[in-house]
Amino acid sequence: MGKRIDDKYESYKAETNARFEKLKANEEELNHIFIDIYGLTDELTPEVADKDITVARIYDTKEEIPESMKGNNYVQTKADVIKSLISYAVGCMMGRYSLDVPGLAYAGGEWDGSKYKTFQPDSDAILPICDDEYFDDDIVGRFVEFVKVVYGADTLEENLQFVADALGGRGTPREVIRNYFLTGFYADHVKTYQKRPIYWLFDSGKKNGFKCLVYMHRYKPDTIARIRTDYVHEQQSRYRTAIADLESRRDKADSNAEKVKIGKKLTAIEAKAKELLIYEEKIHHLADQMIAIDLDDGVKYNYAIFKDVLAKIK
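In the numbering used here, the protein residues as written are 1 to 314.
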């Protein structure tokens, strides 16, 4: 395809900002008309403040937002636009959206796999979010695949760099994107859905021992059992292997500096493993119950059922 996200962004920004200016001009023209009709020229002015225009206006950075736009809830930055793209990509991974059909592709009811041809959603709607690419359906790997499918292989690295630059942070583009999924994505999702998230974050804790997203509309009674056996147990096995390897390397290290460096990595992995061990006990308890949910009960009610293993909503 050979498409560049930065070109698409610039086109979207120009279209959005032109819409903003058009709406402002229309509102001011209407004000002119009513002021003339009612003879209020000496009492009212037709001007409309930028902050009162109720459509989006995009700026590349927060620093570019003028005082006249402060207080406008529709202001967006490049980072906001890219985060929306990432959210849509996650929706495609979950099957909520499809590149092949407009609007919602799935929000409960009977699943129709024929809606997904260009980009296949995750088979179990469980997307692991780890500090490295441990799983085949790792969320960062799936996002990279999404960008490749939508915009083409020839501009993949350039597009990932643009996404990473918009998000901000240090490291390679994939590292920046991974850090956003680990630390920022869910807070943005909860805010977007006004504390009624449709993607649920199963989260072992502050050490990031294990995280995964689940699409509530594709939740099944065996979903938590799948999380436990296919993901948590696999992650525990990887931690055990990593700990054994680091202990061996530490014992064979030639210098104290090297031993200290390896020791820090070992301590971090051991903390993750300990956190995950406690989490596995919690998730085991729920997995054995094979809990079914009724979507008609709403997000708040259903989320509370699994509150001990889900991220707290702030």
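We treat Cβ as the ideally placed atom computed from N, Cα and C, and that holds for glycine.
- By the criterion of a C-beta distance shorter than 6 Å, alanine 292 is surrounded in its chain by Pro221, once the five residues flanking it on both sides are discounted.
- One Cα belongs to lysine 62, the other to threonine 77, and the distance between them is close to 6 Å.
- Taken through DSSP and simplified to helix, strand or coil, valine 214 comes out as strand.
- DSSP lists Lys211 as the beta-bridge partner residues of aspartate 203.
- For serine 84, the closest of Cys212, Arg142 and Ala166 by C-alpha to C-alpha distance is Ala166.
- Using a Cβ distance threshold of 8 Å, tryptophan 200 and leucine 213 count as a contacting pair.
- CA-CA distance, arginine 19 to tyrosine 12, rounds to 11 Å.
- Taking a C-beta distance under 8 Å as the contact criterion, isoleucine 198 and tyrosine 215 qualify as a contact pair.
- Linking isoleucine 129 to asparagine 179 through their CA atoms gives a straight-line distance of about 10 Å.
- When only Cα atoms are considered, aspartate 136 and glutamate 280 end up about 21 Å apart.
- In this structure, serine 87 sits away from tyrosine 116, with a CB-CB distance that is not shorter than 8 Å.
- Membership of valine 163 in the alpha helix (DSSP H) is indicated by the continuous run 156–167.
- For a cut-off of 8 Å, the C-beta gap from valine 176 to glycine 169 is around 4 Å, short enough to register as a contact.
- The alpha-carbon separation between aspartate 132 and alanine 25 amounts to approximately 50 Å.
- By the neighbour-count criterion, in which a residue is buried when 16 or more other Cβ atoms sit within 10 angstroms of its Cβ, proline 66 is exposed.
- One thing to note: arginine 226 has its Cβ no nearer than 8 Å to the Cβ of histidine 284.
- In summary, serine 255 is exposed, with fewer than 16 beta-carbon neighbours lying within 10 Å of its beta-carbon over all protein chains present.
- Per DSSP, arginine 142 is not a residue of any beta strand (DSSP E); the alpha helix (DSSP H) it occupies stretches across 139–151.
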